[in-house]
Amino acid sequence: MKLVSLSFSLSALFVSLAYADNYTTRQIGAPHSKNYKIYIEKDGIPISPFHDIPLFADTTSSTMNMVVEIPRWTNAKYEINKETPLNPIIQDIRDGEPRFNYNIFPYKGYMWNYGALPQTWEDPNFITEESGTIGDNDPIDVIEIGEKIGYTGEVKPVKILGVIGLLDQNETDWKLVAIDVNDPNASDMNDISDVEKKYPGLLNDTIDYFRKYKIPVGDGPNEFMFSGKAQDKEYAIGQIMTTHNHWKKLVSGDIKENNIEKTNLLVEGSPYKVSPNSKIILNIPPVNLLPAVPIDPKYERWYYV
Ligand SMILES: *[C@@H]1O[C@H](CO)[C@@H](O)[C@H](O)[C@H]1NC(C)=O
Ligand SMILES: *[C@@H]1O[C@H](CO)[C@@H](O)[C@H](O)[C@H]1NC(C)=O
Ligand SMILES: *[C@@H]1O[C@H](CO)[C@@H](O)[C@H](O)[C@H]1NC(C)=O
Ligand SMILES: *[C@@H]1O[C@H](CO)[C@@H](O)[C@H](O)[C@H]1NC(C)=O
6 MKLVSLSFSL SALFVSLAYA DNYTTRQIGA PHSKNYKIYI EKDGIPISPF HDIPLFADTT
66 SSTMNMVVEI PRWTNAKYEI NKETPLNPII QDIRDGEPRF NYNIFPYKGY MWNYGALPQT
126 WEDPNFITEE SGTIGDNDPI DVIEIGEKIG YTGEVKPVKI LGVIGLLDQN ETDWKLVAID
186 VNDPNASDMN DISDVEKKYP GLLNDTIDYF RKYKIPVGDG PNEFMFSGKA QDKEYAIGQI
246 MTTHNHWKKL VSGDIKENNI EKTNLLVEGS PYKVSPNSKI ILNIPPVNLL PAVPIDPKYE
306 RWYYV
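So in my numbering, the last one in the sequence shown is 310, and the numbering has no gaps at all.
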């Protein structure tokens, strides 16, 4: 009996140690401007959130690190930038201006924390069997349904619950459904069926939102794989592993994608690995957060679509 309880408390210790990575953000420039960048640091040294943060947050196969890009109820379209060395988070640009998501009635911005899993890549050369469409060339996206509002650049361990198969403008764009492991309800949430039980209507409204969210910019409604039915945890983890394997080929140089920045500090064996003392790292500007640019009132409109 004693041995059993010792091994339990030891594994609890390892889990909490695994979560103790000290990630912070380094903000440069004015939020909502084109020059604003959020670098992620580990122990004060800038790293790549795309390549250097481990996908797995512990030794179970379903707890993963999520990088929060867009906090719940906000609209600025922040994302891990693929083209800039060390892949800082930058606001996406549309028509030459920083991009905001529109408010689709009755939703205000996003209804969950939104972000991506590190060390994954939806390869644009790969056709997903279930949809016949190519990958959207980004890390795999996550919606995190816990109660706490995250912040841009936050790294949080999440439990994977399932996945929605969005076809965003005819590209495969999986939206994983996950919950923060530290949410008070996380222990009751183990698979996609628990989402409808505890959060009735959330999946349906999520589908409704993604169907319509690009209509205000003149795009058609989006389609879904499986008629919009969210798939379970096991299926979701299969898709994560596919995108993790595509990422491995990217950072090992097996796939040549010249437009993606693969510089990293921590990926063993990667030809793009550099030391913290290399010029590319030392040239990253120091913290310099400027006052935010006010948001154009046109983004306060409701869109009835
Ligand atoms: C985390 O890293 C930052 C930046 O180096 C440092 O200021 C802070 O004290 C660290 N926090 C912990 C808990 O180690
Ligand atoms: C969607 O993408 C697939 C794969 O690239 C292509 O074969 C198909 O024609 C596209 N369909 C539409 C409606 O654009
Ligand atoms: C989550 O947990 C909190 C605290 O126990 C509870 O008040 C709340 O109703 C729960 N939320 C959901 C959606 O189950
Ligand atoms: C699901 O969403 C649709 C809109 O897409 C709505 O018409 C329908 O009533 C919703 N169903 C449930 C069960 O919430």
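Even glycine gets a Cβ: it sits at the ideal position worked out from N, Cα and C.
Best match in L270, K238, S232, P299 for proximity to M194 [C-alpha to C-alpha]
Working through the sequence shown from its first residue, we reach residue 194 at position 189. Checked all of L270, K238, S232, P299; the closest Cα to M194 is K238.
Residue list, Cβ distance to ligand 1 heavy atoms smaller than 7 Å
N27, T29, E46, D48, G49
Would you check whether ligand 2 has a heavy atom nearer than 8 Å to the C-beta of G170?
Counted from its first residue, the sequence shown places residue 170 at position 165. No, the beta carbon of G170 sits no closer than 8 Å to any heavy atom of ligand 2.
Candidates L181, K164, E152, Y218: closest to Q174 by CA position:
The residue given as residue 174 occupies position 169 in the sequence shown. Closest by alpha carbon: Y218.
When the Cα atoms are used, what is the spatial distance from A191 to P290?
Your numbering for residue 191 matches position 186 in the sequence shown. Your numbering for residue 290 matches position 285 in the sequence shown. Rounded to the nearest angstrom, the two C-alpha atoms are 38 Å apart.
State yes or no: is the C-beta of E311 nearer than 8 Å to some heavy atom of ligand 3?
Residue 311 lies beyond the range of the chain shown here (6 to 310); nothing can be said about it.
Going by Cα to Cα distance, which pick from F131, H249, G120 is closest to F61?
Residue 61 sits at position 56 when you count from the first residue of the sequence shown. Among F131, H249, G120, the Cα nearest to that of F61 is on H249.
How far does the beta strand (DSSP E) with D146 in it extend, from its first residue to its last?
Your numbering for residue 146 matches position 141 in the sequence shown. From DSSP, the beta strand (DSSP E) with D146 extends over 146-149.
Here's the rule: buried if 16 or more other CB atoms are within 10 angstroms of the residue's CB, otherwise exposed. What is G137?
For this step, residue 137 is matched to residue 132 along the sequence shown. The residue is exposed, with fewer than 16 neighbouring Cβ atoms inside 10 Å.
Nearest-angstrom Cα separation, counted from M246 out to E305
The residue you call residue 305 lines up with position 300 of the sequence shown. The residue you call residue 246 lines up with position 241 of the sequence shown. When rounded, the distance between both Cα atoms is 39 Å.
According to the neighbour-count rule (16 or more other Cβ atoms, all chains shown, within 10 Å of its Cβ), is W252 buried or exposed?
Counting from 1 along the sequence shown, the entry for residue 252 is found at position 247. That one is buried.
Confirm the yes/no value for this check: CB of N227, any heavy atom of ligand 2, distance under 8 Å.
Looking up residue 227 in the sequence shown gives position 222. Incorrect: N227 has no Cβ contact closer than 8 Å to ligand 2.
Alpha carbon to alpha carbon, what distance is there between P103 and L166?
Locating residue 166 in the sequence shown gives position 161, where the first residue counts as 1. Locating residue 103 in the sequence shown gives position 98, where the first residue counts as 1. Taking the straight line from one Cα to the other gives about 32 Å.
Through-space distance from S280 to P221, alpha-carbon basis:
Residue 221 sits at position 216 when you count from the first residue of the sequence shown. Residue 280 sits at position 275 when you count from the first residue of the sequence shown. Going by the C-alpha atoms only, they are around 45 Å apart.
In the DSSP assignment, find the unbroken alpha helix (DSSP H) run with D213 in it and report its ends.
Counting from 1 along the sequence shown, the entry for residue 213 is found at position 208. Here the alpha helix (DSSP H) through D213 covers 207-217.
Does the Cβ of F215 have 16 or more other Cβ atoms within 10 Å, making it buried, or fewer, making it exposed?
By 1-based counting over the sequence shown, the position of residue 215 is 210. When all chains shown are included, F215 counts as buried.
Here's a check: name, in chain order, each residue in its chain whose Cβ is nearer than 7 Å to the Cβ of Y277, leaving out the five neighbours to either side.
Sequence index remark: in the sequence shown, residue 277 carries index 272 (1-based). The residues are V256, K267, T268, N269.
When the Cα atoms are used, what is the spatial distance from L18 to S67?
Within the sequence shown, numbered from 1, the residue matching residue 18 stands at position 13. Within the sequence shown, numbered from 1, the residue matching residue 67 stands at position 62. Annotation note: pLDDT 45 at L18 (below 50); position unreliable, no value reported.
Pull up the DSSP beta-bridge partners for R77, would you.
As a working note, residue 77 is residue 72 in the sequence shown. In the DSSP output, where bridge partners are listed per residue, R77 has none listed.
Based on the DSSP output, what are the partners of Y119 in its beta bridges?
Reading the sequence shown from its first residue, position 114 is the one you call residue 119. I75, I148, per the DSSP bridge assignment.
Cβ-heavy atom distance, K203 to ligand 3, below 8 Å
In the sequence shown, residue 203 corresponds to position 198, counting from 1. Flag set: Cβ of K203 near ligand 3.
With a threshold of 16 other CB atoms inside 10 Å of the CB of P302, please say whether the residue is buried or exposed.
Translated into positions along the sequence shown, residue 302 becomes position 297. It counts as exposed.
Name the DSSP beta bridge partners of K303, please?
For this step, residue 303 is matched to residue 298 along the sequence shown. Bridge partners of K303: none, in fact.
Could you name the residues of the same chain whose beta carbon sits closer than 6 Å to that of S38, not counting the 5 residues immediately before and after it, in chain order?
Along the sequence shown, one-based indexing puts residue 38 at 33. The residues are V298.
Using the Cβ count rule (16 or more neighbours within 10 Å means buried), how would you classify D259?
One-based indexing of the sequence shown puts residue 259 at position 254. D259 should be labelled exposed.
Counterpart residues of D100 in DSSP-defined beta bridges
Taking the sequence shown and counting its residues from 1, one reaches residue 100 at position 95. Beta-bridge pairing links D100 to no other residue.
Residues with C-beta closer than 7 Å to any heavy atom of ligand 2, in chain order:
I132, G137, T138, I139, N175
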